[in-house]
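These notes concern the structure reproduced below.
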Amino acid sequence: MNLTINQMEIALMSHSSAEYDTSGVNSPAAVCVLFNIKAGEPCVLMIKRGSTLSHHSGEWAFPGGMSEEIDESPMHTALRETNEELGIDPSDIDVWCGMAPVETSTGFKVWPFAGRVADQTVFTLQEREVEEVVEIPVTVFVDQMSKRTITLIRNGDTRVMTAYAYEDRIIWGASARIIANTFDIVMNAV
């Protein structure tokens, strides 16, 4: 199915936002699931995390990070971190909705916020935290041919999970769950 950015915007804007209560959460974090148009096609923006980071290094993720005391809300965290990592001013992001938080295997609780960034946005990477930014066509996540099942063995614990393949990249873990949740909302509305 070919989705337009307008269909995604309408579907996600009509989604009732999740609760944003971070009290009692040990490691609250938030990310921006940003859409734009590249070469006439709707895309979702993803980053490759820096290889020297202590958590989730080298993994494909969404821009965002840990909540800090200055943050008024998870949305503020997502916008602040996106600005720090990619140089995107928060005023240049049209936030469509917040979604239910996703927990990571490392103990973070991540609140995702979907929205749109201008199509010709210039990214200024914070090189210690971000190695690469890529705009992935939405069809990659809607097309079942890109979906994979992977097995992760960590500390003797075996987990089978959904992942997505794009060119030489594998998107898995919390990022894959956020993608699945986002497109479940969209596909149930169109």
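Counting along the sequence shown from 1, when you hit position 57 you're at 56 in numbering that gives the first Met the number 0, and nothing is skipped either side.
Don't be surprised by glycine CBs; every beta carbon is placed ideally from N, CA and C.
According to DSSP, what are the bridge partners of Thr157?
Ile152
When you compare the segment 25-35 with the segment 104-116, are there three or more beta-carbon pairs, one atom per stretch, that lie closer than 8 Å?
yes
Assuming contact is defined by CB atoms lying nearer than 8 Å, are Arg176 and Val121 in contact in what I supplied?
Not closer than 8 Å, so no.
In three-state terms, what does DSSP make of Ala179?
helix
What would DSSP say about Gly172, mapped onto helix, strand or coil?
Three-state DSSP puts Gly172 in a helix.
I want to know whether the segment 136-152 touches the segment 57-64 - three or more CB-CB distances under 8 Å.
A contact is defined here as three or more CB-CB pairs under 8 Å, and the segment 136-152 fails this definition with respect to the segment 57-64.
Cβ neighbour criterion (16 or more within 10 Å) applied to Thr3
exposed
Is it buried or exposed for Thr105, if we count other Cβ within 10 angstroms and need 16 for buried?
Exposed.
Pair every Cβ in the segment 69-76 with every Cβ in the segment 176-188, then say whether three or more of these pairs are closer than 8 Å.
no
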